[in-house]
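Scroll down for the structure; my scribbles are underneath it.
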Amino acid sequence: MKTPSLFSTMTVLGLGFAGWLLGMPVSTLAAGENGSTPRKSSAGLRMLEELQTVITDLAEEAKPSVVSIFPVQATGRLRDAGERTPNATGSGSGVIVDANGHIITNNHVVGDAAEVEVRLSDKTKLFAQVIGKDPDTDLAVLKVTTDHPLPAARFGDSSGVKVGQWVLAVGNPFGLDRTVTLGVVSGIGRENINLSRYENFIQTDASINPGNSGGPLFDLRGDIIGINTAIINFAQGIGFAIPSNMAKQVMHQLINKGKVVRAWLGVGLQPLTLDLASKFGVDENEGVLVNEVFERDPAALAGIRPGDVITKVDGALVDTPNKLSRLVAALDPGSLALVEVVRDGKRINLNVALSERRDAAVVASLPQSRSDFKLGIDVQDLTAGLAEKFRLNESRGVLISKVESGSLAQAEGLREGDLIKEVNRVDTGTVGEFTIAVTKVKRGDTILLRVLREGRAFYVVLKPADR
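Numbering (numbering that gives the first Met the number 0), first residue to last: 0 to 466.
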């Protein structure tokens, strides 16, 4: 697509338009000569028309690369006869990314279909092979075969996307082919939207509706900076796109390997609260807390421990578990990562030889906390029978046998069957050891617990109401 000239024109026009507005006297904008009815400025009108032409030209250049996607259903007699029927109820968008017929879209658009029908901008219908899917980023790659090159869009560099810049979303909302909407980037680096495992979304107010999923988000150069993926149904003007740099990385792996291979660190993580940060000697927004280290995995072999706060990976700052997961996943299995941790107030750099991520990889999480302080737990020594009852693969520990209603322990998410493994970083294998550790806590101080639940560990900070 032709783009540098469009961008240059847009820049000149935008600056000229702004200068025209800002430089024009208020009286000129408000009224004509001698206070008469406002008259149109021919210069201003021409500038607006030129600006409009730039946007419409960009839209015309962008549309041919956008396709409609219909998952194919083949059941019963139709399957036996080799016939294929597009699923009219499940449809979305995609964008052609090379002349060989590769198309990128959303994983949720393709679903479980092994084949999909693709409709080009000239209404040509083709059946596409599903090259690969990646549910962790909600991306999929298709391939169509034709006897002529296809119009392909270019990927841009999403690392340079800025809040406020103009964007165009192109897709097929509600079956309306190649609908173009104009908006701005409303936010970047959005996560915790709970749409996929790895989230780093571009937020836009360009209208994205059902059927837009999988379509491209263009900048004013005509480059793809995102793949539209979702909207918030109850809120107008909030849509999300997967950054193009993430999409490119996933696409290349799906084309070359048929799957996405990611690195694995081997830790359980949780965000730092103000109380936890105070306990571990860091700022609240500095790093993420390691609450579990899996045996014989890279982190354990490199010397990372529960209670460490990871602050950097290869020099990149870490402030959320999601960001740490993304940073590690983007690295190659077998590569060395330099991980900075804070331990007992000291910064330590560790070289970690990353392994390949297992499909069943999970990250420990912590329930939401509230601020009413009351301890309210009964504890007892762990027995073989109790370990079996609560599915604990442990032989020692202090079991919570009761949580008082309305207590801080309940508010922090503790419950019957949780196993306390540490009090203030000290191992507690028996009720006696637990009691000694708790009695050492001074009046008004907080208690840091490391708790095990169904094989997953997390930290909780409690403050006794009285002693």
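Don't be surprised by glycine CBs; every beta carbon is placed ideally from N, CA and C.
Predicted, not measured: the structure shown is a model, and the values here were computed from it.
Determine the extent of the beta strand (DSSP E) in which Phe-279 is found, giving its start and end residues.
No beta strand (DSSP E) contains Phe-279, which is instead part of the alpha helix (DSSP H) from 273 to 279.
Specify, as a first and last residue, the run of the alpha helix (DSSP H) that Gln-248 falls within.
243 to 256
Tell me the DSSP secondary structure of Glu-116 in three-state form.
In the structure shown, Glu-116 adopts extended strand secondary structure according to DSSP, grouped into three states.
Since Val-402 contacts Leu-413 with CB under 8 Å, what's their CB separation in whole angstroms?
6 Å
Pull up the distance between the alpha-carbon of Pro-134 and that of Pro-320, whole angstroms please.
The alpha-carbon atoms of Pro-134 and Pro-320 are separated by roughly 19 Å.
On the DSSP bridge list, what partners appear for Ile-130?
Partner(s): none; Ile-130 has no beta bridge.
When you compare the CB positions of Asp-121 and Val-166, do they come within less than 8 Å of one another, or not?
no
Please list, in chain order, all residues of the same chain as Asp-331 whose beta carbon is under 7 Å from its beta carbon, the five residues on each side excluded.
Ala-262
Does the structure place the segment 144 to 163 close enough to the segment 280 to 298 that three or more beta carbon pairs sit under 8 Å?
no
Say whether the segment 133 to 151 touches the segment 87 to 106, bearing in mind that this needs 3 or more beta-carbon pairs closer than 8 Å, one atom from each stretch.
yes
According to DSSP, is Ala-229 helix, strand or coil?
In the three-state scheme derived from DSSP, where H, G and I count as helix and E and B as strand, Ala-229 is classed as strand.
Buried or exposed for Gln-51, please, with buried defined as at least 16 other CB atoms from any protein chain shown within 10 angstroms of its CB.
Exposed is the call here.
Please determine if the segment 300 to 308 and the segment 180 to 191 are in contact, where contact requires at least 3 C-beta pairs separated by less than 8 Å.
They do not touch, by the three-pair rule.
Buried or exposed, going by whether 16 or more other CB atoms sit within 10 Å of the CB of His-101?
buried
How many whole angstroms separate the CB atoms of Val-341 and Val-281, which I take to be in contact at a CB cut-off of 8 Å?
5 Å
Would the segment 378 to 395 count as touching the segment 345 to 353 if we require 3 or more Cβ pairs under 8 Å?
no
Under 8 Å: do the segment 416 to 433 and the segment 446 to 462 share three or more Cβ pairs, one atom per stretch?
yes
Do the segment 53 to 70 and the segment 202 to 222 touch if we need at least three Cβ pairs shorter than 8 Å?
Enough Cβ pairs lie closer than 8 Å, so yes.
Where do the ends of the beta strand (DSSP E) carrying Ile-103 lie?
101 to 104
So is Glu-339 buried or exposed if we call it buried at 16+ other beta carbons inside 10 Å?
buried
Taking the continuous beta strand (DSSP E) assigned at Val-460, which residues delimit it?
Where Val-460 is concerned, the enclosing beta strand (DSSP E) stretches over 455 to 461.
Could you give the C-beta distance for Val-289 and Val-266, rounded to a whole number, given that I count them as a contact under 8 Å?
The beta-carbon separation of Val-289 and Val-266, rounded to 5 Å, stays under the 8 Å limit for a contact.
Apart from the five residues on each side of it in sequence, which residues of its chain come closer than 7 Å, Cβ to Cβ, to Asn-284?
Asp-318
Taking only runs that begin and end inside the segment 409 to 458, name each unbroken alpha helix (DSSP H) of 4 or more residues, in chain order.
430 to 438
Is Gly-159 helix, strand or coil by DSSP?
helix
With which residues is Leu-167 paired in a DSSP beta bridge?
By DSSP's assignment, Leu-167 forms a beta bridge with Leu-181, Phe-217.
Alpha carbons only, please: which of Arg-356, Pro-209, Gly-344 is nearest the one belonging to Leu-326?
Arg-356
Can you name, in chain order, every residue of its own chain whose Cβ lies under 6 Å from the Cβ of Val-108, other than the five neighbours on each side?
Ile-68, Gly-91, Ser-212, Gly-213
State buried or exposed for Ile-435, treating a residue as buried only when at least 16 other CB atoms are found within 10 Å of its CB.
Its Cβ having fewer than 16 others within 10 Å, Ile-435 is exposed.
Considering only their Cβ atoms, is the gap separating Ile-207 from Gly-225 smaller than 8 Å?
no
Are Leu-138 and Asn-191 close, meaning C-beta to C-beta below 8 Å?
no
Go ahead and label Thr-228 buried or exposed: buried means 16 or more other beta carbons lie within 10 angstroms of its beta carbon, across all protein chains shown.
Result: buried.
Can you name, in chain order, every residue of its own chain whose Cβ lies under 7 Å from the Cβ of Asn-199, other than the five neighbours on each side?
Gly-188, Glu-190, Pro-242, Met-245, Arg-325
For Leu-335, write down the residues that DSSP places opposite it in a beta bridge.
Beta-bridge partners assigned by DSSP to Leu-335: Ala-352.
When you compare the CB positions of Ile-399 and Val-378, do they come within less than 8 Å of one another, or not?
yes
Going by the DSSP bridge assignment, what does Asp-51 pair with across the sheet?
Per the sequence shown, residue 51 should be read as Gln rather than Asp. Partner(s): none; Gln-51 has no beta bridge.
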